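For the sequence shown, my numbering gives the first residue as 2, with consecutive numbering after it.
As structure tokens, the structure follows; a few thoughts come after it.
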Amino acid sequence: MTGKWRIVLAEQNMDLGSIDRMVFGKDTCHSFLALVNPDNEVVSELHGTTYHPHTNRLMHNGQSVQSYMGVIASSVNLLADFENACRYLEVDEHFSRLKAVNANGPWRSNMAETMRTVMVGDKHDVMTEWLDGCAIGRKINELDIFYTPISIMDGGRQNCNAVTRSMLHAMDIDVSRDDFDLMPHGYNNKLWQKSLVGEFNTKGAYSTEVIDSYLAYVEGNINKRMPKIVDDELDMRSCDLTRAPAAPVCQATLKPSAI
């Protein structure tokens, strides 16, 4: 694969013991995507994770009482109504959101139980699909939807695996849930079908300058591996391609916390 770039699908075991094996028949996972350069170095990773508005923290409060209130609402197909009610009552800042984040370098790759290549190609072809993944991540962030780790309903599982599925869809990469070694709960939630997200089909419209700008950003911050919410600064995608105004979801002052 000399000179080839790769997109890799990674599965990190959630290590929930016998609980998930009893429910799903196998261990559950946190899935994410990694961009690998021709030197076999992880340049960047794309993840779905939680963002807590009240504390301004990524990866925070995802297993809280509030999140499981959302789980109950989603399991009876009332998640959208529940979110609207929380916003109306002005208590929504206490509920974690689902956000797509970009990490510089190998943030979680060393914790992955399995990593498989899902795309190989030259720099422009691979980066075109990767930037489409960034772009749909930004659109998901603009939805500002509640994070729900589990649910009986496919559409109520608003978690990391739903983000991974949407990014792969934007990259024109087809991976079935049955292809996973672990159980990616939430993977069948097609977030791109929600209003304001939609399809991405750029047909190689990214210029060399746009691609190099993105790579310069992630490589120039390779030691700052904590993730940043995907926004226009990261995906370098012009308004005419996204058909949406530039609107970063959050400033880069997010405080990380331990999962």
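C-beta atoms are modelled at their ideal positions from N, C-alpha and C, and glycine is treated no differently.
Only a predicted model underlies this, so the values are computations on that prediction, with no experimental measurement involved.
Looking at the DSSP output, Asn-105 shares a beta bridge with Ser-45. Per DSSP, reduced to three states, the secondary structure at Lys-124 is helical.
Of Asn-38, Asp-28, Asn-14, Thr-29, the smallest CA-CA separation from Gly-4 is found for Asn-38.
By the Cβ neighbour-count rule, Arg-139 is buried, with 16 or more other Cβ atoms within 10 Å of its own. In the DSSP assignment, Ser-167 falls within the unbroken alpha helix (DSSP H) covering 161–171. Comparing alpha carbon positions, the residue from His-186, Leu-216, Met-128 closest to Ser-32 is His-186. Counting other Cβ atoms within 10 Å of its Cβ, His-125 stays below 16 and is therefore classed as exposed. Of all alpha-carbon atoms in Tyr-218, Glu-143, Arg-7, Val-211, the one lying nearest the alpha-carbon of Leu-99 is that of Glu-143. A direct Cα-Cα distance of roughly 26 Å separates Lys-195 from Leu-36. Around the beta carbon of Thr-165, a 10 Å sphere encloses 16 or more other beta carbons of the protein chains shown; the residue is thus reported as buried.
A distance of 8 Å or more separates the beta carbons of Ser-214 and Tyr-148.
When C-beta atoms of the segment 122–137 are compared with those of the segment 167–177, three or more pairs fall below 8 Å, so the two segments count as touching. For Val-9, the closest alpha carbon among the candidates Asp-175, Ala-81, Ile-73 is that of Asp-175.
Annotated as proximal: Thr-50 and Val-102, with beta-carbon spacing under 8 Å. Counting only residues of its own chain and dropping the five nearest sequence neighbours on each side, Asn-160 has a CB closer than 6 Å to the CB of Pro-150, Gly-187. Inclusion of Glu-94 and Pro-54 in the CB contact set at 8 Å is warranted, their separation being smaller than that value. Contact between Ala-11 and Ala-104 is absent: CB atoms are separated by about 12 Å, not below the 8 Å threshold. Membership of Ile-212 in the alpha helix (DSSP H) is indicated by the continuous run 209–221. Taking 8 Å as the cut-off, the beta carbon of Glu-46 is found no closer than this to the beta carbon of Ile-146. When the beta-carbon positions are compared, Arg-158 and Gln-13 stay at least 8 Å from each other.
Using a Cβ distance threshold of 8 Å, Gly-122 and Val-43 do not count as a contacting pair. Going by DSSP, Phe-181 is part of no alpha helix (DSSP H) at all; its letter is neither H nor E.
Scanning its chain for C-beta atoms nearer than 6 Å, with the 5 sequence neighbours on each side dropped, one finds around Tyr-207 the residues Thr-129, Leu-132, in chain order.
With a cutoff of 8 Å on beta-carbon distance, Trp-6 and Val-127 are scored as near each other.
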